[in-house]
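J.: Before anything else, here's the structure in question.
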Amino acid sequence: MLPTSETALVNLHRDEVLPETALPLKYVAYSPCYRREAGSYRASERGTLRGHQFNKVEMFQFAHPDKSDAAHQELLGRAADLVASLGLHHRITRLASEDTSASMAKTFDVEVWLPSIGAYVEVSSVSNARDYQARRGNIRYRPATGKPAYVHTLNASGLATSRLVPALLEQHQQADGTVSVPAVLQRWLGRETLTPPAAAR
6 MLPTSETALV
16 NLHRDEVLPE
26 TALPLKYVAY
36 SPCYRREAGS
46 YRASERGTLR
56 GHQFNKVEMF
66 QFAHPDKSDA
76 AHQELLGRAA
86 DLVASLGLHH
96 RITRLASEDT
106 SASMAKTFDV
116 EVWLPSIGAY
126 VEVSSVSNAR
136 DYQARRGNIR
146 YRPATGKPAY
156 VHTLNASGLA
166 TSRLVPALLE
176 QHQQADGTVS
186 VPAVLQRWLG
196 RETLTPPAAA
206 R
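Position 58 (the sequence shown) corresponds to 63 in my numbering; numbering is contiguous.
Take a look at the structure:
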């Protein structure tokens with residue numbers, strides 16, 4: 006009953022001292038996520054946009070402190086590339102400090118446009134916690150010289166699937182009501198176009 010698999014991934018190396026040469030350690034997890042916030046943030050966010058349960062792929066890194074900013078940009082690029090490969094109009098925003106979780110030093114959101122509500126909605130959040138989570142979990146690395154130091158932890162949503170569905174349907178809908186399937190999904194759906202049930206009859 007996790008809010009995100011980040012909470013499980015960050016504990017993989019709890020109370021460990023990692024060799025410096027092992028960094029960065031990169032993980033990915035797919036899990037159902039559960040949250041209590043359904044419908045509480047924005048009245049227009051209903052249905053699959055803000056449900057109690059959704060599925061999400063999480064990307065996570067344990068990084069050397071000197072390279073965590075570069076790792077943050079790497080994760081942001083991966084998340085943005087996923088949205089771009091689906092042909093979705095999107096933007097990247099940097100969260101203000103009051104909108105960022107207390108445990109995160111810097112967070113970017115990847116947001117897609119939803120014409121039905123006339124707004125952008127977040128489909129990926131990419132954050133750098135620096136050594137905050139590592140201190141709580143006592144996760145360190147051993148440099149070639151000197152004492153062990155805390156690693157930096159970073160996480161990124163590999164897209165919230167429940168929000169992708171309406172974005173794909175709305176942004177790829179054509180004048181005749183059919184929906185053009187992005188090339189990267191055609192092998193999974195076995196077709197280039199989705200036809201509405203009414204039109205199919």
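All C-beta atoms, glycine included, are put in the ideal place defined by N, C-alpha and C.
1) Residues in the same chain with beta-carbon distance under 7 Å from R19, minus the five sequence neighbours each way, listed in chain order, please.
2) Taking DSSP as the reference, what is the three-state secondary structure of L28?
3) Could you spell out the range, first to last residue, of the beta strand (DSSP E) harbouring G142?
4) So within the segment 151-196, which uninterrupted beta strand (DSSP E) runs reach at least 3 residues, ignoring any that extend past its ends?
5) Is R147 helix, strand or coil by DSSP?
6) By how many angstroms is the C-alpha of L119 removed from the C-alpha of P171?
7) So for E79, helix, strand or coil by DSSP?
8) Cα separation between Y125 and H95?
9) Would you kindly work out how many angstroms separate the C-alpha atoms of L87 and A165, rounded to a whole number?
10) What whole-angstrom Cβ distance do V189 and T198 have, given they're in contact under 8 Å?
11) Please classify S108 as buried or exposed, where buried requires at least 16 neighbouring CB atoms within 10 angstroms.
12) Could you tell me the alpha carbon to alpha carbon distance between E79 and T158, rounded to whole angstroms?
13) Taking one C-beta from the segment 56-65 and one from the segment 30-37 each time, how about it: are there three or more such pairs within less than 8 Å?
14) Going by other Cβ atoms of all chains shown within 10 Å of its Cβ, with 16 needed for buried, is N16 buried or exposed?
15) Can you give me the Cβ contacts of R196 inside the same chain, cut-off strictly under 8 Å, excluding the 5 residues immediately before and after it?
16) Output the distance between the C-alpha atoms of E175 and L14, rounded to the nearest integer angstrom.
17) Output yes or no for whether 8 Å exceeds the beta carbon distance between A84 and S129.
18) Counting along the chain, where does the alpha helix (DSSP H) carrying T12 start and finish?
19) What does DSSP give as the partner residue(s) for V126 in the beta ladder?
20) Within the continuous beta strand (DSSP E) that includes M64, where are the two ends?
21) Under a three-way DSSP split, which group does L87 fall into?
T.: Per the coordinate set shown:
1) Working through the sequence shown from its first residue, we reach residue 19 at position 14. Result list for R19: G142, N143, I144, in chain order.
2) For this step, residue 28 is matched to residue 23 along the sequence shown. L28 falls in the coil class under three-state DSSP.
3) Sequence index remark: in the sequence shown, residue 142 carries index 137 (1-based). Run containing G142: none in the beta strand (DSSP E); it sits in the alpha helix (DSSP H), 137-142.
4) 157-165
5) Your numbering for residue 147 matches position 142 in the sequence shown. Strand.
6) As a first step, residue 171 is located in the sequence shown; it is residue number 166 there, counting from the start. As a first step, residue 119 is located in the sequence shown; it is residue number 114 there, counting from the start. The alpha-carbon atoms of P171 and L119 are separated by roughly 8 Å.
7) In the sequence shown, the residue the question calls residue 79 occupies position 74. Helix at E79.
8) Counting from 1 along the sequence shown, the entry for residue 125 is found at position 120. Counting from 1 along the sequence shown, the entry for residue 95 is found at position 90. If you take the alpha carbons of Y125 and H95, they lie about 8 Å apart.
9) The residue given as residue 87 occupies position 82 in the sequence shown. The residue given as residue 165 occupies position 160 in the sequence shown. Approximately 11 Å, taken between the alpha carbons.
10) Against the sequence shown, residue 189 aligns to sequence position 184. Against the sequence shown, residue 198 aligns to sequence position 193. The Cβ separation is near 15 Å, so there is no contact.
11) Working through the sequence shown from its first residue, we reach residue 108 at position 103. Label assigned to S108: exposed.
12) Locating residue 79 in the sequence shown gives position 74, counting from the first residue. Locating residue 158 in the sequence shown gives position 153, counting from the first residue. Answer to the nearest angstrom: the Cα atoms are 13 Å apart.
13) yes
14) The count along the sequence shown starts at 1 and reaches residue 16 at position 11. The residue is exposed, with fewer than 16 neighbouring Cβ atoms inside 10 Å.
15) As a working note, residue 196 is residue 191 in the sequence shown. The residues are V186.
16) Here the question's residue 175 lines up with position 170 in the sequence shown. Here the question's residue 14 lines up with position 9 in the sequence shown. Near 33 Å, if we compare the C-alpha coordinates of L14 and E175.
17) Walking along the sequence shown from the start, residue 84 turns up at place 79. Walking along the sequence shown from the start, residue 129 turns up at place 124. Going by C-beta atoms, A84 is nearer than 8 Å to S129.
18) Within the sequence shown, numbered from 1, the residue matching residue 12 stands at position 7. 11-14 is the span of the alpha helix (DSSP H), which, as asked, contains T12.
19) Locating residue 126 in the sequence shown gives position 121, where the first residue counts as 1. V117.
20) Counting from one through the sequence shown, the residue named residue 64 turns up at place 59. Start and end: 58-68.
21) For the purposes of this step, residue 87 is taken as residue 82 along the sequence shown, with counting starting at 1. Helix, per DSSP.
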